[in-house]
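Written out below as structure tokens is the structure these notes cover.
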Amino acid sequence: MSKKYPGEMLLADQAFMALRDLLLRGEVRAGQLVSIAELVEKTGLPLAPVREAVKHAESTGLVRILPKRGVLVIEPTPDTIQSCFHLRCMLDQEGARILAARLGEAPMQALREEHAAVRDQASEGITPELQQWAMAVDWKLHLALSSALVNPLAARVYASNYDCITVLQQSRRLLPERIIPAMDEHLRIIDAVLAGHEEDAMRAVRAHLAGTLRWWGIGLYEEI
Numbered sequence: 001m002s003k004k005y006p007g008e009m010l011l012a013d014q015a016f017m018a019l020r021d022l023l024l025r026g027e028v029r030a031g032q033l034v035s036i037a038e039l040v041e042k043t044g045l046p047l048a049p050v051r052e053a054v055k056h057a058e059s060t061g062l063v064r065i066l067p068k069r070g071v072l073v074i075e076p077t078p079d080t081i082q083s084c085f086h087l088r089c090m091l092d093q094e095g096a097r098i099l100a101a102r103l104g105e106a107p108m109q110a111l112r113e114e115h116a117a118v119r120d121q122a123s124e125g126i127t128p129e130l131q132q133w134a135m136a137v138d139w140k141l142h143l144a145l146s147s148a149l150v151n152p153l154a155a156r157v158y159a160s161n162y163d164c165i166t167v168l169q170q171s172r173r174l175l176p177e178r179i180i181p182a183m184d185e186h187l188r189i190i191d192a193v194l195a196g197h198e199e200d201a202m203r204a205v206r207a208h209l210a211g212t213l214r215w216w217g218i219g220l221y222e223e224i
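If you're matching positions, the sequence shown starts at 1 in UniProt numbering and goes up one per residue.
This is the structure:
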């Protein structure tokens, strides 16, 4: 059953949100080739707005339209993975620098406590619920860093990249052995921000990128 959207939304906007939901939930997966007809069936929306939604999704990097073949969802290739996470790193670095210059803010301390709680629980054992919590906490920090930019253009780029990374991550769920290292990497970012150490915060963001790419089995092509 298709999800309901506000009646005042244009059908093309409804179709894009429905397509985005399918991708973010993993109902249409990274690297999958689907037809427009399949997307019409899955969204429950008419053909014309679904076509417009696919064009919009292509403009944000979520899919590629392959003439006479269908719609190819963003593929988890090494180049694509590296590009998406590198872009996030560049914006996160500036966010970390800004927050460190302000000696951190109240949400950062709360984020630190939540990261520490995830790490402590992970050391006692991994459950599916903990994995979901870890993924949510992971993104909380990244979104906090991007929000510090207070830049509408950067926010739009970050939002599109967030969608691409989320779809890519559906192809490889967060593994138990990655949770503790990821929390440790995040805690180093947070601690540098809270201490007001701008360069240390930026280095910690770059180290997190390297750790993330290693988890994907990809080497960092250069020191950023």
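Positions of the beta carbon are idealized from the N, C-alpha and C atoms, including for glycine.
Source: prediction; values computed, not measured.
The beta strand (DSSP E) with I65 in it runs from where to where?
-> V63 to L66
Looking only at C-alpha atoms, which of E41, R64, R69 and F85 sits nearest to E75?
-> From the listed residues E41, R64, R69 and F85, the smallest Cα separation to E75 is found for R64.
Could you tell me whether the segment 42-57 touches the segment 154-162, using the rule of 3 or more Cβ pairs below 8 Å?
-> no
Who are the near neighbours of H186 in its chain, counting only those whose CB is closer than 6 Å to its CB and skipping five residues on each side?
-> H115 and L141
Can you check whether the CB of A15 is closer than 7 Å to the CB of P49?
-> yes
Classification of V34 by the beta-carbon crowding that lies within 10 angstroms, buried from 16 upward | buried
Could I get the ranges of all uninterrupted beta strand (DSSP E) runs contained in the segment 77-149, with 3 residues as the minimum, in chain order?
-> none
What residues are listed by DSSP as bridge partners for G70?
-> L66
Distance, R29 Cα to M1 Cα | Confidence at M1 is low in this model, with a pLDDT of 45, below 50, so its placement is unreliable and the value that follows should be read with caution. Each residue's alpha carbon lies about 18 Å from the other.
G26 beta carbon less than 7 Å from that of Q170 | yes
Three or more C-beta pairs closer than 8 Å, one from the segment 85-101 and one from the segment 195-208: is that the case here?
-> yes
Proximity test, L103 beta-carbon vs the ligand FMN heavy atom, cut-off 6 Å | The ligand content of the structure shown is nil, which means the ligand FMN is not present either.
Within 7 Å, strictly: CB atoms of L99 and V167 | no
Short check: CB of I190 to CB of R102, under 7 Å?
-> no
Can you tell me the Cα-Cα spacing of L24 and A148, whole angstroms?
-> 25 Å
Spatial neighbours of A134 within its chain, please: CB distance less than 8 Å, with the 5 preceding and 5 following residues excluded, ordered by chain position.
-> The answer, listed in chain order, is V118, A122, L174, I179, A182 and M183.
DSSP bridge partner residues for L33 (one or two, in chain order) = L72
By the 10 Å Cβ neighbour count, where 16 or more other Cβ atoms means buried, how is L10 classified, buried or exposed?
-> With fewer than 16 Cβ atoms within 10 Å of its Cβ, L10 is classed as exposed.
Please classify L66: is it buried, with 16 or more other beta-carbons within 10 angstroms of its beta-carbon, or exposed?
-> exposed
In terms of alpha-carbon separation, which member of I81, Q109 and L19 lies closest to A195?
-> Q109
Note down, in chain order, each residue of its chain lying with its Cβ closer than 8 Å to the Cβ of A144, except the 5 sequence neighbours on either side.
-> G95, L99, P107, M108 and L111
Minimum length 4: unbroken alpha helix (DSSP H) runs contained in the segment 169-201 = 176-195
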